[in-house]
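Number of protein chains: 2
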Amino acid sequence: MSRILIIEDEEAIADLEKDYLELSGFEVEIRNRGDEGLQTAMSQEFDLIVLDLMLPGMDGFEICKKIREEKNIPIIMVSAKKDDIDKIRGLGLGADDYMTKPFSPSELVARVKAHMARYDRLVGSTQKNNDIIEIRGIRIDKTARRVMVDGVEKAFTGKEFDLLTFLAEHPNHVYTKEELFREIWDMDSIGDIATVTVHIKKIREKIEYDSAKPQYIETIWGVGYRFKV
Amino acid sequence: MSRILIIEDEEAIADLEKDYLELSGFEVEIRNRGDEGLQTAMSQEFDLIVLDLMLPGMDGFEICKKIREEKNIPIIMVSAKKDDIDKIRGLGLGADDYMTKPFSPSELVARVKAHMARYDRLVGSTQKNNDIIEIRGIRIDKTARRVMVDGVEKAFTGKEFDLLTFLAEHPNHVYTKEELFREIWDMDSIGDIATVTVHIKKIREKIEYDSAKPQYIETIWGVGYRFKV
DNA sequence: AGCATTTTATAAAATTTTTATAATCTGACT
DNA sequence: AGTCAGATTATAAAAATTTTATAAAATGCT
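Listed below in structure tokens is the structure:
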């Protein structure tokens, strides 16, 4: 469930926004003063903030700047004056969107959704879902230790799974066989690096359409391997 | 330097946008047809796309969807009809911004900058792109060991990559072939210096427009080479 | 035994180095 | 200034080396 913070002094407006957002399944908090709003934004976790410009206690400019110093979450700025909007945009203080009052609550909902979706697309995919890695046709469920290739489950042995997972968790990064060996096997074990090659081959047999032209695990000649994205 | 792709069939508009963006230090490519635009977007690396809705070859909806399947970069959609804008927004196909024609070029520039800044804020920070060397049209990603020349990826072998990277990391510094050899090959190996020459040639074939008039790796006669900046 | 893992041997592929030759530059000498 | 010799670099292609892919056998584990 996503949490939204509305910092807005006109209670009627704030309540209306809250109603609409809650109908769309969001959890909403309201603060009526600027200073309280900032304090709340900093001390709790929200997924998006709707921020009015004119506020008692502390104005929206200041709040936006302060939040941005600490957090990357989407901020939608709201103002009654079109001129103010242009001004903030010019200041470039990192708000993600700007709306002029009056606006329809459903437009707010639409924008909120769009910003959340983008944020997830950019950040959520890399940071959050640590359990499931999904890259193109491949889906790796870490806790269940299962791998699906184009919707079909393939059986992986322990080492194969660990190796594939490690590569997929660091897409595009090239690792030498030594690095992979140290990572998957024991840190200092002095086994033969050739076993990495063999495991790569086994993995490719399971995930690649044509093992000679790998789409996922690429060989970097003289260096190592990488999971291409 | 950031690269922007404009997909727009009205050449006058495209050129105007290009001029303004270039004045702000962006590198701009234009495509006049939808299908060509998509093809370019997929085969090269851009940091942002400005996409018109009505296009010959393939419409903006389709293009936006296709790009989103593969890439996360910001897309600004442009249309002459306000209604269309609402429609696309409703479709939620992942565009990052919407502008109605006519608009002032400076507003486009402002929005482009804002989107770039956000993208950097969200992605650049999490992905830690601090091992990327960028000089004029060349971008070297050290961990991924990839080289982009004007947005197009070129395949480099191990030694070629190491040599180019070393030179690019010390721009303008002139190195003798002996120094380069000691640096890239084993410190004391007494192999033939000629191999450095050959590798320089191979690199030039990949990054220089005209190998006879090198723009990047310059020959200092009787001394060695340097990466010119 | 049955499966996973590692080792080994050989084939195949790609890169690196060498070699030979052509082109270009520099400085000295007319 | 023009030209020539010597030195240096560019280019192309062949040879050598290195690295990886593959298959199969050996080992180890439960």
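Residue numbers (my numbering), protein chains in the order written: chain A, 143 to 371; chain B, 143 to 371. From the three backbone atoms N, C-alpha and C, an ideal C-beta is built for every residue, glycine too. Just so it is clear, the structure is predicted and the values come from calculations on it, not from any experiment.
- For Leu195/B, the three-state secondary structure derived from DSSP is coil.
- Taking the CA atoms as reference points, Ala237/B sits about 31 Å from Ala297/B.
- Beta-bridge partners of Glu211/A (DSSP): none assigned.
- Per DSSP, the beta bridge partners of Leu147/A are Glu171/A, Ile191/A.
- Taking 7 Å as the cut-off, the Cβ atoms of Gly366/A and Val294/A do not count as close.
- The three-state reading of DSSP puts Ser353/B in coil, since its state is none of H, G, I, E or B.
- Between Val291/A and chain B, the shortest Cβ-Cβ separation is not below 7 Å.
- Within its own chain, the residues whose Cβ lies closer than 7 Å to the Cβ of Cys206/B, once the five positions on either side in sequence are excluded, are Leu193, Ile217, Met219, Leu235, Gly236, Ala237, listed in chain order.
- Sorting His257/A, Lys243/A, Asp228/A by C-alpha distance to the C-alpha of Glu249/B places Asp228/A at the top.
- Looking from the CA of Ile359/A, the closest CA among Arg368/A, Glu212/A, Asp352/A belongs to Arg368/A.
- Along the stretch 308-325 of chain A, going in chain order, the ones with a CB nearer than 8 Å to a CB of chain B are Asn314, His315, Val316.
- The beta-carbon separation of Ser144/A and Met258/A, rounded to 6 Å, stays under the 8 Å limit for a contact.
- Nearest to Leu190/B by C-alpha distance, out of Val170/B, Leu197/B, Asn174/B, Met196/B, is Val170/B.
- Note that the stretch 344-357 of chain A does not touch the stretch 310-329 of chain A; fewer than 3 beta-carbon pairs, one per stretch, sit closer than 8 Å.
- Inclusion of Ile148/B and Ala183/B in the CB contact set at 7 Å is not warranted, their separation being larger than that value.
- When the five nearest sequence neighbours on each side are left out, the beta carbons in the same chain lying within less than 7 Å of the beta carbon of Arg287/B are those of Phe303, in order along the chain.
- Between the alpha carbons of Ser221/B and Gln186/A lies a distance of about 40 Å.
- The criterion of a C-beta distance shorter than 7 Å is satisfied by Gly199/A and Asp177/A.
- Annotation for Gly366/B: the continuous beta strand (DSSP E) segment containing it runs 366-369.
- Leaving aside the five residues that flank Lys301/B on each side, the residues in its chain whose CB is nearer than 7 Å to its CB run, in chain order, Ile326, His341.
- If you keep only unbroken beta strand (DSSP E) runs of at least 3 residues inside the stretch 223-286 of chain A, you get 239-242, 274-277, 280-283.
- For Ser185/B, the enclosing alpha helix (DSSP H) has its first and last residue at 176-185.
- Within 10 angstroms of the beta-carbon of Arg173/A lie 16 or more other beta-carbons, which makes it buried.
- Listed along the chain, the chain A residues whose CB falls inside 8 Å of the CB of Val294/B amount to none; the nearest CB is some 16 Å away.
- By the rule that beta-carbons nearer than 7 Å mark a contact, Asn214/B touches chain A.
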